[in-house]
Amino acid sequence: MLNDREKILMALREKPLKVYEVMKRANVANEEACQSLLLKMRDEGSVKFDIHKGRWHVG
């Protein structure tokens with residue numbers, strides 16, 4: 004079983020996505036939990052956020 008972090012990384016390896024698209028692809032039900040996890044992953048350096056396009060991508 005993959006955890007949410009692994010699912011998010013798999014989804015973002017395909018292409019940069021917005022939060023809602025990440026939620027759908029990674030099957031994360033709660034938007035707050037998804038956003039929080041993305042921010043933690045950004046702090047760790049595993050993902051990045053493009054402020055101009057509003058999309059997350061693998062860093």
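Per my numbering, residue 4 is the first one in the sequence shown, and the count goes up by one each step.
Using N, Cα and C, we set each Cβ at its ideal position, and we do this for glycine too.
Tell me whether M13 is buried or exposed, calling it buried when 16 or more other Cβ atoms sit within 10 Å of its Cβ.
That one is exposed.
Specify, as a first and last residue, the run of the alpha helix (DSSP H) that K43 falls within.
Start and end: 34 to 47.
Buried or exposed for I11, please, with buried defined as at least 16 other CB atoms from any protein chain shown within 10 angstroms of its CB.
Classification of I11: buried, given that the 10 Å Cβ count is 16 or more.
So, is A36 buried or exposed, given that buried needs 16 or more other C-beta atoms within 10 angstroms?
Exposed: under 16 other Cβ atoms inside 10 Å.
Going along the chain, which residues of its own chain have a beta-carbon closer than 8 Å to the beta-carbon of K51, five neighbours each way excluded?
Answer for K51: R45, W59, H60, V61, G62, listed in chain order.
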